[in-house]
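Peer 1: Numbering of the sequence shown is given in the numbering used here, commencing with residue 76 and proceeding in unit increments. The beta-carbon is built from N, C-alpha and C at its ideal position, and this holds for glycine as well.
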Amino acid sequence: MTVSLAGQTVAELGGARSVLARQRRDHTTLARLMTDYRDAGDGPREQLLDQIRQLVFSHAFAEETVLWPAVRRLLPDGEELTARVETEHQQINELFADIDRLGPLDPEHDSRVERAFQLIDEDIRDEEDELLPRLQSVAGRRRLVRLGRAWEASRLTAPTRPHPGVPRRPPGNVTRGVPLSAYDRTRDLLTPGRGSPMWKAALTAGAAGVAGTVWTARRVLRARRAGR
76 MTVSLAGQTV AELGGARSVL ARQRRDHTTL ARLMTDYRDA GDGPREQLLD QIRQLVFSHA
136 FAEETVLWPA VRRLLPDGEE LTARVETEHQ QINELFADID RLGPLDPEHD SRVERAFQLI
196 DEDIRDEEDE LLPRLQSVAG RRRLVRLGRA WEASRLTAPT RPHPGVPRRP PGNVTRGVPL
256 SAYDRTRDLL TPGRGSPMWK AALTAGAAGV AGTVWTARRV LRARRAGR
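1. Please name the residue in Glu-202, Thr-250, Val-188 and Gly-247 whose C-alpha comes closest to that of Leu-123.
2. With a threshold of 7 Å on Cβ separation, who are the neighbours of Leu-219 within its own chain once the five nearest residues in sequence on each side are excluded?
3. Relative to the C-alpha of Asp-196, which candidate in Val-160, Ala-225, Ser-212 and Ser-133 has its C-alpha closest?
4. Mind listing, in chain order, the continuous alpha helix (DSSP H) runs of no fewer than 4 residues lying wholly within the region 215-243?
5. Check Ser-79 in the structure and name its three-state DSSP category.
6. With three or more C-beta pairs closer than 8 Å as the rule, is the region 118-133 touching the region 235-245?
7. If we ignore side chains and look at the alpha-carbon of each, how far apart do Ala-225 and Glu-203 end up?
8. Hey, how far is the Cα of Pro-246 from the Cα of Pro-254?
9. So for Arg-92, helix, strand or coil by DSSP?
10. State the DSSP-derived secondary structure class of Leu-180, mapped to helix, strand or coil.
11. Among Asp-181, Gly-240, Gly-215 and Asp-263, which one has its Cα closest to the Cα of Gly-252?
12. Near Glu-169, what residues of its chain come up, given a Cβ to Cβ distance below 6 Å and the 5 sequence neighbours on each side ignored?
13. Is Thr-84 helix, strand or coil by DSSP?
14. If we call anything under 7 Å between Cβ atoms a contact, is Gly-223 one with Arg-97?
15. Sorted by chain position, which residues of the same chain lie with C-beta nearer than 7 Å to Glu-149's C-beta, five sequence neighbours on each side aside?
16. According to DSSP, is Ala-115 part of a helix, a strand, or is it coil?
17. Return the chain-ordered ranges of every alpha helix (DSSP H) run that is complete within the region 140-193 and spans a minimum of 4 residues.
18. Any idea what DSSP makes of Thr-261, helix, strand or coil?
19. Which residue comes first and which comes last in the alpha helix (DSSP H) that contains Leu-207?
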């Protein structure tokens, strides 16, 4: 019998460096940011939406690059489980692309944001209640920590904005997504109100520029292999 990640201690998740603990930390941060957004006024809302956007897409990229391939390798129904989550990720990508295109004054903006938040909530529940506990049942602590290191390396070099045309699986998501990371993070730096928890990572990756993207893509793929 599997137990939801929400009800487990950090030690039960494999320690703070485990991919499960890292996932849950991001999920907790996302839930708090979405609550803050719903409670905020118009000005702070846009800054909060920036933070949510950056965290959603860097988190999803790390999942798609490192975590879901491991699920497919280790679980007999891993293909079915990850396909469902990848569909949710694609829908969230498309909604955020619409949100960015519409702008905050468009009458459709708020409804698209709320729908994106609903999908993020569903994605978190699918992962914490079913998919990740299933992975936990077949992966030991050492493997979970190795996956956590590879997950973090991927997250720090990930795109931070929606790109619905980028594949959801390696190697296509890496070869097409990592070069977009420098562009996204440069845009993040130029966005007013840099209160984002992703700001320092954006500065580091943005400063590297496009010249480092081929090397970065190779590093992400090596990290993914190391997390096996």
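Peer 2: Reading it off the structure:
1. Val-188
2. Gly-89, Ser-93, Val-94 and Leu-95
3. Val-160
4. 216-230
5. coil
6. yes
7. 19 Å
8. 13 Å
9. coil
10. coil
11. Gly-240
12. Pro-239
13. coil
14. yes
15. In the sequence under discussion, the amino acid at residue 149 is Leu, which differs from the Glu named in the question. Closer than 7 Å at Cβ, skipping near neighbours: Leu-210, Val-213 and Ala-214.
16. coil
17. 143-149 and 153-177
18. helix
19. 207-213
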